[in-house]
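Worksheet: the structure to be examined is printed underneath.
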Amino acid sequence: MLKYLKWMGVTAAATLMMMGSVQASAPREATPTAFDPVAHQRVVEVSEQLRCLVCQNQSIADSNAELAVDLRNQVIEQVKAGKTNEQIVDYMVERYGDFVLYKPRFQANTIILWLGPVALFAVGLLAFFLNLRRRKTTVAKTARPLTAEEKARAEAMLATGSKKE
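Heads up: the sequence shown is residues 3 to 167, going by our numbering.
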C-alpha cells in the first residue's frame with residue numbers, strides 16, 4: 003500500500019509540473035520582422051543567382067561560409083536601399099567579377115561555357131555516325147556469299163534442328 007501511495011504522489015507531482023508549464027497566455031501582437039515577405043523573396047532570388055566565392059559549388063543562399071554571409075548581408079542592404087535585382091547583381095559582378103554569377107551571362111568571354119557542351123555533343127554524334135559508316139563498309143568488303151557446300155550444310159542443320167553436324 004505504501005508503494006502505491008508513493009507512485010501516486012510521484013504521478014501527481016509530475017502532472018502538476020507539466021500543467022504548470024502549459025499555461026495559457028494572452029494573445030500577443032505579432033512582432034514586425036525586418037523584411038516584408040516580398041523583400042525577403044527578392045533577397046532569396048538574388049542570393050540564389052550569386053556563387054559563394056569560398057565554396058564555389060553553392061549559391062550564397064545555400065552556403066554558411068563567412069564570405070557568403072557577408073554577401074547576403076550586402077544583398078539585404080541593397081534591397082533595403084530600394085535597388086532592383088539587376089542593379090544588385092550588376093553591383094556584385096562589378097565588385098567580384100563574372101565568377102560571382104552562379105549562371106554566367108552569355109558574353110564573348112563565356113561563349114565556350116554555353117556552346118561548349120553543344121559542340122562536344124555534335125562532335126560525339128559525328129564521330130558515332132562516321133564510325134558506324136566505317137564499320138558498314140568494312141563488313142561489306144569482308145562479307146562473301148556462301149559456297150554451295152556451306153549453303154547445303156546450313157539447310158541440313160535447319161532441317162534437322164541440330165546444332166552440330
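The C-beta atom is built at its ideal place from N, Cα and C for all residues, glycine as well.
Sheet register partners of S61 (DSSP bridge): Per DSSP, R53.
For S65 and W116, the rounded distance between their alpha carbons: 25 Å
DSSP state of L103 mapped onto helix, strand, coil: strand
Sequence-distant residues of the same chain with beta carbon closer than 6 Å to V81, five excluded per side: A41, R44, V45, listed in sequence order.
A28 to P39 span [Cα, whole Å]: Bear in mind that the predicted position of A28 carries a pLDDT of just 41, short of 50, making it unreliable; the figure below should be weighed with that in mind. Computed Cα separation, rounded: 26 Å.
Among I113, A83, V125, V77, nearest to R97 - alpha-carbon criterion: V77
Sub-8 Å separation of N87 and E50 beta-carbons: no
Among C54, Q109, K85, Q60, nearest to D72 - alpha-carbon criterion: C54
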